[in-house]
Amino acid sequence: MRKNKMMRVASALMVAVLLTTCAISGTFAKYVTTDEFTDQARVAKWGVELQVFGNLFSDTYINTPVKDNANDITVQVIDYASTGTNIVAPGTCNDEGFKISLTGVPEVDGQVSATMTTQSIYIKAGTYGIMTPVSVEITEENYEELYKELFYWDTGASAYVQATGSFDDGRKYFTLENCHGVQEDYYPVVYSLEKGTTPKGAPVEPPATSCSADSLKAIADVIGKKLGLTTSAPDANTGVYTYSGSAVPFNTNEDLAEIYNLDGVTITWAWAIENVDDNDTPDDDTDDISYNGADTILGLLKNIADDSVAVKLNGNNYVAVEEADYCLDTKIEISITVSQVD
Amino acid sequence: MSEMVKDGKGQKAKGGATFWVAIALLVILAICSTVILSVRLYDYTKTDDRVLSLKTNMDEKLDVFSVTYYDALGEVVVEGANGEKVVAPGTSVDYTVRLRNTDKTAIDYDLVPEVTFSSEHKIPIKVRLLDPVDNYVAGDAKTWIDIEELNEISHVGTLAKGEAVEYLFQWKWPFESGDDEYDTFLGDTVLTDDISVAVAFSIHAEANTDMDINGGFFGSGAHDNIGLLLFLILLLAAIALLVVYKLIQKRKKTDEANEVGTDEISKS
Chain B
31 MRKNKMMRVA
41 SALMVAVLLT
51 TCAISGTFAK
61 YVTTDEFTDQ
71 ARVAKWGVEL
81 QVFGNLFSDT
91 YINTPVKDNA
101 NDITVQVIDY
111 ASTGTNIVAP
121 GTCNDEGFKI
131 SLTGVPEVDG
141 QVSATMTTQS
151 IYIKAGTYGI
161 MTPVSVEITE
171 ENYEELYKEL
181 FYWDTGASAY
191 VQATGSFDDG
201 RKYFTLENCH
211 GVQEDYYPVV
221 YSLEKGTTPK
231 GAPVEPPATS
241 CSADSLKAIA
251 DVIGKKLGLT
261 TSAPDANTGV
271 YTYSGSAVPF
281 NTNEDLAEIY
291 NLDGVTITWA
301 WAIENVDDND
311 TPDDDTDDIS
321 YNGADTILGL
331 LKNIADDSVA
341 VKLNGNNYVA
351 VEEADYCLDT
361 KIEISITVSQ
371 VD
Chain L
96 MSEMVKDGKG
106 QKAKGGATFW
116 VAIALLVILA
126 ICSTVILSVR
136 LYDYTKTDDR
146 VLSLKTNMDE
156 KLDVFSVTYY
166 DALGEVVVEG
176 ANGEKVVAPG
186 TSVDYTVRLR
196 NTDKTAIDYD
206 LVPEVTFSSE
216 HKIPIKVRLL
226 DPVDNYVAGD
236 AKTWIDIEEL
246 NEISHVGTLA
256 KGEAVEYLFQ
266 WKWPFESGDD
276 EYDTFLGDTV
286 LTDDISVAVA
296 FSIHAEANTD
306 MDINGGFFGS
316 GAHDNIGLLL
326 FLILLLAAIA
336 LLVVYKLIQK
346 RKKTDEANEV
356 GTDEISKS
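Residue numbers (the numbering used here), protein chains in the order written: chain B, 31 to 372; chain L, 96 to 363.
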């Protein structure tokens, strides 16, 4: 009996061993694993904000409102152009200005490249007038009375010369109108540069400006320095300065406002109704230079009658004004490009 | 007669010892099989050790993207602020994805890449993927595909015990993508929105118990096979002992029957 029980125990043990052997075999075959690895990145920031905005000039300017009394406001509109052409004139200005703003902290290397041209209204020092054909017939009878005011074109001298006492009925006689002297080179539109309200790094230093020098060029030089731009002599006929240069690089995560200092710089201008050069002695008005005559000449140069000639004094005679003697246009053109470098 | 009785007692003693040896063997085998089963189930259920590791240069994590990128002169050209990984036009990486089988058996694996964008704005990244024998799984020698096309690709293979293979994953954001305006749009929009890309490599691995792949019965070098063989030998030995024991018992009965007949003849 005991032996039978032991046989049964032995059988049960054998079955148990066989079963676990099968189970172990199954675990070898069914082993499975799953895994995953992930990496992530975002786009690198560019965020460069380049703004060149504002209108420097207009075809219409509004005069300063003047209160006649507590309830009335008088506004005078000055409108010289009917065709929409931008103009400037004595008494006009733009104090809101033309703004340049370059900001951002890009996470990539890059560069700023730019071009710029400027042109200023000016007239060189000299005596100018308008040689106008006489409106009356010059005869031998009235010549004696009038000749001191008369001029004629001398082909040999290539100039308008003062008439002499001898009447020549074959000559065409002229009178010199609106003769004005310009004591120093005159730039009537005076530009000003204002640095941004929250300048970073080494902010631009606005140059001192006046009507006796090219203020726009002085400002362009300051801005151009920040943008790697330089210029040489202006165009002889147009007075245009062209600025060019190599791109100015920046590195990753650099603040462009700190590097280029063009965060909200503003260019304004004004053509005073009466420009006066304080000259060498600020407190002495006797040597001040008034440019009213120059303003007049510039205005006349813009509107010369077909049969009249703008002239300038050359020695004792008058010659035709040359293109290089004056410029009636002003502008500033600036193009800035910010790009990533590879 | 007394010698025959003595022989009978000797055979009886021999049979009893055989039986207990067999029982002892079966008990030992039962204990061993239970232990082995427990160990295997433990290995099967534990999750902290990875038997299929995804590594490159022995790093434990994937570094497909970078915080900083350099030009040919070693100068930094792109760098994410605050240590954040970034991508930008002109950036590229050739990344080695290394799979190593650290398990005790061969495995069949399925490598599945997956790409997701965080926003509706896709990043114009191009990619290629080469398998361990430098065949192109994605793209080819002249062609790069859009990164989102990786979602349509997978690759299968088998790794023997301890074997490692390498995949080469190449990505680039072309500097001249042909749409500078869109590139700039992404670079500006990321200041306010999340525009990012995630690349994942999923691995599904299953044990391959094929003898040839595992180096034959002894080639795997695992104690398991030898142990299993020993286990089977002992099991067979225990069974054999039981059979022997039964034979001995049967013979004993026959001898006792013969002995009784001889005694009766002698008495008569």
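We treat Cβ as the ideally placed atom computed from N, Cα and C, and that holds for glycine.
The structure presented is a predicted model; accordingly, all values stated were derived computationally and were not measured.
Could you tell me whether the Cβ of residue i comes closer than 8 Å to any Cβ of chain L?
i: residue 64 (chain B); result: yes
i: residue 137 (chain B); result: yes
i: residue 40 (chain B); result: yes
i: residue 223 (chain B); result: no
i: residue 46 (chain B); result: yes
i: residue 355 (chain B); result: no
i: residue 278 (chain B); result: no
i: residue 77 (chain B); result: yes
i: residue 36 (chain B); result: yes
i: residue 67 (chain B); result: yes
i: residue 43 (chain B); result: yes
i: residue 73 (chain B); result: yes
i: residue 370 (chain B); result: yes
i: residue 70 (chain B); result: yes
Measuring alpha carbon to alpha carbon, tell me which of the options ends up nearest residue i.
i: residue 306 (chain B); options: B:253, B:241, B:269, B:361; result: B:241
i: residue 243 (chain L); options: L:266, L:162, L:328; result: L:266
i: residue 132 (chain B); options: B:117, B:126, B:263, B:141; result: B:141
i: residue 209 (chain L); options: L:233, L:231, L:218, L:246; result: L:246
i: residue 319 (chain B); options: B:215, B:335, B:247; result: B:215
i: residue 152 (chain B); options: B:260, B:212, B:174; result: B:212
i: residue 285 (chain B); options: B:135, B:121, B:81; result: B:135
i: residue 281 (chain B); options: B:338, B:371, B:167, B:172; result: B:371
i: residue 67 (chain B); options: L:258, L:332, L:298, L:333; result: L:298
i: residue 176 (chain L); options: B:146, B:71, B:322; result: B:71
i: residue 196 (chain B); options: B:181, B:44, B:208, B:299; result: B:181
i: residue 367 (chain B); options: B:35, B:209, B:79, B:49; result: B:79
i: residue 375 (chain B); options: B:342, B:257, B:139; result: In the structure as shown, chain B starts at 31 and stops at 372, and residue 375 (chain B) therefore has no counterpart that could be examined.
Got a sec: is the Cβ-Cβ distance from residue i to anything in chain B below 8 Å?
i: residue 282 (chain L); result: yes
i: residue 175 (chain L); result: yes
i: residue 201 (chain L); result: no
i: residue 158 (chain L); result: yes
i: residue 277 (chain L); result: no
i: residue 269 (chain L); result: no
i: residue 286 (chain L); result: yes
i: residue 350 (chain L); result: no
i: residue 152 (chain L); result: For residue 152 (chain L), the predicted model reports a pLDDT of 36, less than 50, meaning its position is unreliable and no value from the coordinates is stated.
i: residue 337 (chain L); result: yes
i: residue 167 (chain L); result: no
i: residue 292 (chain L); result: yes
i: residue 206 (chain L); result: no
i: residue 289 (chain L); result: yes
Give me, in chain order, the residues of the same chain whose beta-carbon lies closer than 6 Å to that of residue i; leave out the 5 immediate sequence neighbours on both sides.
i: residue 270 (chain L); result: 184, 185
i: residue 245 (chain B); result: 220, 221, 239
i: residue 84 (chain L); result: Absent from the structure is residue 84 (chain L), since the part of chain L shown begins at 96 and ends at 363.
i: residue 59 (chain B); result: Legend: pLDDT at residue 59 (chain B) = 49, less than 50; position of this residue unreliable, value from coordinates given subsequently. Same-chain partners within the cutoff: there are none.
i: residue 290 (chain B); result: 132, 256
i: residue 337 (chain B); result: 163
Just to confirm my understanding: we take residue i, look at its own chain, exclude 5 residues before and 5 after, and list those with CB closer than 7 Å. What are they?
i: residue 374 (chain B); result: No statement about residue 374 (chain B) is possible, as the shown extent of chain B runs from 31 to 372 and does not include it.
i: residue 84 (chain B); result: 126, 127, 128, 129
i: residue 330 (chain L); result: 124
i: residue 171 (chain B); result: none
i: residue 354 (chain B); result: 266, 267
i: residue 308 (chain L); result: 201, 253, 255
Any heavy atom of the ligand FAD closer than 7 Å to the Cβ of residue i?
i: residue 197 (chain L); result: Looking for the ligand FAD in the displayed structure turns up nothing, as the structure carries no ligands at all.
If you drop the 5 nearest sequence neighbours on each side, which residues of the same chain put their C-beta closer than 8 Å to that of residue i?
i: residue 340 (chain L); result: 110, 113, 114, 117
i: residue 249 (chain L); result: 205, 206, 207, 208
i: residue 227 (chain L); result: 252, 260, 261, 262
i: residue 270 (chain B); result: 147, 148, 149, 264
i: residue 356 (chain L); result: none
### Task
Count the CB pairs spanning the region 331-351 of chain B and the region 186-193 of chain B that are closer than 8 Å, and state whether there are at least three.
Contact between the region 331-351 of chain B and the region 186-193 of chain B is present: three or more C-beta pairs spanning the two stretches fall below 8 Å.
#### Entry: the region 110-130 of chain L: positions lying closer than 8 Å to chain B by Cβ
Cβ contacts with chain B: 114, 117, 118, 121, 122, 124, 125, 128, 129.
### Query
Is the number of C-beta pairs between the region 287-299 of chain L and the region 223-239 of chain L that are closer than 8 Å three or more?
Three or more beta-carbon pairs separated by less than 8 Å are not found between the region 287-299 of chain L and the region 223-239 of chain L, which leaves the two stretches without contact.
### Query
Is there contact here, the region 263-278 of chain B with the region 160-174 of chain B, by at least three beta-carbon pairs under 8 Å?
Contact fails between the region 263-278 of chain B and the region 160-174 of chain B, because fewer than three Cβ pairs, one in each stretch, are under 8 Å apart.
### Task
Take every Cβ of the region 157-176 of chain L, pair it with every Cβ of the region 197-208 of chain L, and state whether three or more of those distances are shorter than 8 Å.
With the cut-off at 8 Å, the region 157-176 of chain L and the region 197-208 of chain L do not touch.
### Message
Under 9 Å, CB to CB, which of the residues in the region 265-297 of chain B have a partner in chain L?
### Response
When C-beta distances to chain L are compared with 9 Å, the residues of the region 265-297 of chain B below that value are 281, 282, 283, in chain order.
### Query
How about the region 74-83 of chain B and the region 279-291 of chain L: do they share at least three Cβ pairs that are nearer than 8 Å?
Yes: at least three Cβ pairs fall under 8 Å.
### Message
Can you pull out the residues from the region 175-192 of chain L whose beta carbon lies closer than 7 Å to at least one beta carbon of chain B?
### Response
Cβ contacts with chain B come from 175, 176, 179, 180, 181, 182, 183, 184, 185.
### Query
Got a sec: which bits of the region 295-309 of chain L sit with their beta carbon under 8 Å from any beta carbon on chain B, in order along the chain?
So the list reads 295, 296, 297, 298, 299, 300, 301, 302, 304, given in the order they occur along the chain.
### Message
Along the region 245-275 of chain L, where does the CB come closer than 7 Å to a CB of chain B? Name the residues.
### Response
For the region 245-275 of chain L, which is checked against every Cβ of chain B, the residues closer than 7 Å are 270.
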